[in-house]
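Going left to right, the sequence shown walks through residues 20 to 573 as the numbering used here numbers them. Here is the structure we will look at, set down as C-alpha cells.
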Amino acid sequence: MRKKWKFLYAGSHRIGLFIASTARSPGFSCLLEDEAILDLVELYNSVEVTAPNIDFVYLRKEAQIQPQACLLGDSGYGISPWLITPIRRPQTGFEIQYNVLHTKERVIIERVFGQLVERGQMNMHDMMNMATFGQTFLIGEMSLYVARKLFEEEPLVTKLINSNEKYDMVILENYFSQEYASALCHKFKAPCVSMVGLLDSTWINEMSGLPDNPSYMVDFKAETTDKMTFIERLKNVYIWTSTMLLSYYYALGPQQEVADKYIRYPGWESRPSVLQLSRDMDLILINSHVSLGYPYPKAPHVKEVGGMNLAPNKPLPKDLQDFMDSATDGVIYFSYGSNVDMNELTRDGKFDDFVNVFKKLKQKVLWKWKGSKIPKVDAPNVKIQEWFPQQDILAHKNTKIFMTHGGLMSLIESIYHGVPLIGTAVFGDQPKNLKVVEHTGIGLQLKFDNLTEKSISWAVNEILNNPSYKNNMKKRSELFNDRPMKPVDEGVYWIEYVLRHGKVLQPASALMPFYQVYLLDVLGAVALSVLLAMWLIRRNDKCRLLVVLREKQE
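Next up, the structure:
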C-alpha cells in the first residue's frame with residue numbers, strides 16, 4: 020500500500036493535477052513517444068482516475084522536462100482531469116472526446132505563435148543569426164505573451180487558481196520566463212519541486228544557492244567546453260554577467276507583474292516576491308548527467324535525473340520494421356525535431372543537396388518532415404513522412420547515424436541507444452549540446468551555412484567508415500547507463516524523500532540575497548575598513564609632518 024498524496028503540476032502553458040492513490044498495480048507502463056520529452060505519454064491501468072494520453076505543447080520543447088506523468092504514473096499514481104492540453108494523436112474514443120473538451124488551449128497557443136511568427140517574420144536564418152541574448156529576449160517575450168493569453172482565455176486555469184483544493188506537493192516549471200508559476204507554491208502551501216529541462220545553467224545555479232564559477236562552469240548559452248582558453252573564459256564571463264543582469268533587472272519585473280495580475284487568491288497580497296518563491300524550492304530535478312556535459316558541483320537539493328524521457332522499446336509499425344530489417348547496410352535517421360520547418364531547406368536549395376547525398380548511399384534513410392507539404396523524392400532508399408517513433412528507430416540494431424538539430428532530448432536518446440550523431444544547431448542550447456558531441460568524439464557538427472552536398476557527404480561517410488565515433492558513443496552510452504537506478508526511479512525517490520522529510524536538502528544560500536552569497540557586504544565592509552585605516556594613517560602622517568615643521572620653525 021502506498022500513502023495517499025496529492026500533486027499539482029504547473030507549467031507556463033498548462034496546469035496538471037496529480038492525485039496519488041492507493042497503488043493497486045504499481046510499476047505499470049509509462050511509454051513515451053516523439054523527440055520532445057513528453058510529447059505523448061501513455062499511462063495504463065491508472066487508479067481511481069482514467070488517465071488519457073497527454074500531449075504537452077510548450078514554447079521550448081527541446082528545453083523541456085516534464086516527466087511528472089511518468090514519475091507518478093510508474094509509481095502507481097493516477098492523474099486527475101485537470102490536464103488541459105489536448106492529445107496530439109488521439110486514437111481511442113475517450114481520447115477523441117477528451118480533445119473535444121480541451122482543444123481551446125492548443126487553439127490559443129497556436130494562434131498566438133502564428134501571430135508572433137507573422138509579426139516577426141522569423142525563419143531559420145533569423146534564429147541562427149540572432150545573438151544569444153536576442154534569443155533569450157525572444158523566448159521571454161513569447162512565454163509571457165502566451166501565458167497572459169492563457170490566463171485570460173482558458174477558464175480551467177482561473178478555476179484552478181480559485182479552487183480550494185489541498186495538495187501535498189506542487190511540481191513546477193518555474194525557471195526561464197516562468198518564474199511567476201512559483202506563486203502557486205504560496206497559494207497551495209505545499210512543498211515545491213522544480214523541473215528543469217536544460218543542462219547546466221547559470222540561472223539555475225544562482226537560484227539554487229550555488230555560486231557559478233565561469234572559469235570552468237559553462238552556461239547552456241555558451242558554445243565552449245569546460246577547458247577554456249583565455250578568450251573563451253572572457254566570453255563566458257560576459258555571458259555569466261549578462262545573464263545575471265538580465266535575469267535580475269529585466270526578466271523578473273514582468274514575471275512579478277503576471278503573478279500579481281493573474282494569480283490572485285485570498286492572502287496573495289502578503290505573498291513573497293516571485294524571486295523569493297523561485298529560490299525557495301524543496302527540490303530541483305534537472306535534466307542533466309555527466310555523460311551529457313561536464314562534471315560540476317550541485318547544490319544538495321539539485322538532483323541530476325537526465326534521461327527521464329526514455330521509454331521501454333515498443334514494436335515498430337510493420338512497414339517501418341520491414342524497411343529497417345531489410346537495410347543490411349544500415350539506416351540513417353534524419354530529424355530536426357518538432358520546431359524546425361524543413362521547408363527552409365527547400366527554400367535554400369539545401370534539400371536537393373541532402374537528396375543527392377542520400378540517393379547515392381547503400382544505406383536507407385528515414386527522414387522526418389516538419390512542414391506544410393511533404394515533398395516527393397525519387398530515391399527508393401529514402402522514406403519521408405511527418406512522424407517517426409524516434410526512440411524505437413534509434414533502438415534498432417541497423418540504425419547507424421542520427422542526423423539531428425542537437426536538441427537535448429535527441430542527444431539523450433542517441434547516447435542511450437549508442438547511435439553516433441551529425442548535428443546542425445539552430446537555436447538555444449543546441450550549439451552547446453553539439454559542442455559536447457564534438458568534444459567527446461561521438462559525432463560531428465555541420466554549420467547550417469556549410470550544408471552542401473560535399474560537406475554532407477563527407478560527414479556521413481566519415482561516421483560510417485571511421486569506427487572511432489561508434490566506439491566513443493559506446494563508451495558514452497555505458498557511462499550514461501551506469502547508474503544505481505533508472506532516472507525515472509531516481510526522480511520518484513527524491514520526490515517521495517521530500518514528502519517524507521521536508522526541506523532538509525535546501526542549503527541556506529538558496530534564500531540568501533545576492534550580495535550575501537557573493538560576500539559583497541563583507542568585501543565592502545573590509546574595503547571600507549582598509550580605506551578608512553589608510554585615510555587615518557595618512558591623516559596621522561600629515562599631522563605628524565605639520566608638528567615637525569612647526570617645531571623646526573620654532
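C-beta: ideal position from N, C-alpha, C; glycine also. On a predicted model such as this, the values are computed, not experimentally measured, just so you know.
Presumed contact (8 Å Cβ cut-off) between residue i and residue j, rounded CB distance
i	j	result
isoleucine 180	tyrosine 284	6 Å
glycine 326	isoleucine 461	Rounded, the Cβ-Cβ distance is 16 Å, inconsistent with contact.
leucine 157	leucine 427	Contact flag wrong, Cβ pair sits at about 19 Å.
isoleucine 351	valine 384	5 Å
glycine 442	lysine 493	With 8 Å as the limit, glycine 442 and lysine 493 do not qualify as a contact, their Cβ atoms being about 19 Å apart.
glutamine 404	isoleucine 393	7 Å
Cα-Cα separation between residue i and residue j, rounded to whole angstroms
i	j	result
tyrosine 512	proline 316	21 Å
phenylalanine 353	arginine 495	21 Å
glycine 349	tryptophan 259	43 Å
glycine 312	methionine 236	10 Å
asparagine 559	aspartate 540	28 Å
leucine 329	leucine 296	31 Å
cysteine 204	cysteine 211	6 Å
alanine 270	phenylalanine 377	45 Å
isoleucine 282	histidine 308	34 Å
glycine 272	valine 517	30 Å
lysine 206	glutamine 274	16 Å
alanine 478	proline 331	30 Å
alanine 444	phenylalanine 342	29 Å
valine 545	leucine 551	10 Å
valine 567	tyrosine 268	55 Å
glycine 447	tryptophan 287	34 Å
arginine 569	methionine 553	24 Å
leucine 565	leucine 547	27 Å
isoleucine 482	asparagine 491	11 Å
leucine 265	leucine 538	21 Å
glutamate 242	lysine 369	25 Å
tyrosine 28	valine 165	Any answer about tyrosine 28 is weak, because its pLDDT of 49 lies below 50 and its placement is not dependable; what the coordinates show is given next. Each residue's Cα considered, the two are about 18 Å apart.
valine 176	lysine 280	14 Å
asparagine 485	glutamate 457	14 Å
leucine 465	leucine 364	14 Å
asparagine 521	isoleucine 514	In the sequence as displayed, the identity of residue 521 is glycine instead of asparagine. If I take the Cα positions, the gap works out to 10 Å.
lysine 419	proline 439	7 Å
arginine 366	threonine 471	14 Å
proline 314	glutamine 197	27 Å
phenylalanine 195	glycine 159	7 Å
arginine 519	methionine 300	15 Å
arginine 167	lysine 178	15 Å
glutamate 173	proline 526	37 Å
arginine 557	lysine 571	21 Å
Cβ-Cβ distance between residue i and residue j below 8 Å
i	j	result
alanine 318	alanine 529	yes
glutamate 192	methionine 161	no
serine 310	leucine 498	yes
lysine 575	leucine 294	Limits of the chain in this structure are 20 at one end and 573 at the other, which puts residue 575 out of reach.
aspartate 360	lysine 389	yes
alanine 209	aspartate 187	yes
leucine 163	valine 277	yes
isoleucine 475	phenylalanine 373	yes
glutamine 382	alanine 414	no
serine 391	asparagine 362	yes
leucine 555	histidine 320	no
glycine 510	leucine 304	yes
Other residues of its chain near residue i: CB distance less than 8 Å, five sequence neighbours each side excluded
i	result
arginine 252	Pro233 and Ser234
glutamine 340	Pro334
isoleucine 434	Ser310, Leu311, Ile461, Met492, Arg495, Ser496 and Phe499
glutamine 449	Glu81, His424, Gly425, Gly426 and Gly442
Own chain residues within Cβ distance below 6 Å of residue i, not counting five before or after
i	result
proline 506	Val324, Gly326 and Met327
methionine 504	none
lysine 387	Ser354 and Phe407
tyrosine 199	Gln274, Val277, Ala278 and Val293
threonine 244	His458
Same chain only: Cβ atoms within 7 Å of residue i, ignoring 5 sequence neighbours per side
i	result
lysine 473	none
aspartate 231	Thr221, Asn224, Glu225 and Trp259
threonine 262	Thr221, Trp222 and Asp238
tyrosine 488	Pro439, Gly460, Ile461, Gly462 and Ile482
arginine 290	Ala202 and His205
lysine 561	none
Minimum Cβ-Cβ distance from residue i to chain D less than 8 Å
i	result
proline 439	This model lacks chain D altogether; it includes just one protein chain.
Would you call the stretch 224 to 243 and the stretch 524 to 541 in contact, with 3 or more CB pairs under 8 Å?
-> yes
At least three beta-carbon pairs within less than 8 Å, the stretch 231 to 248 to the stretch 332 to 341 = no
Decide yes or no for the touch test of the stretch 417 to 435 against the stretch 445 to 453: beta carbon pairs closer than 8 Å, at least 3 of them.
-> yes
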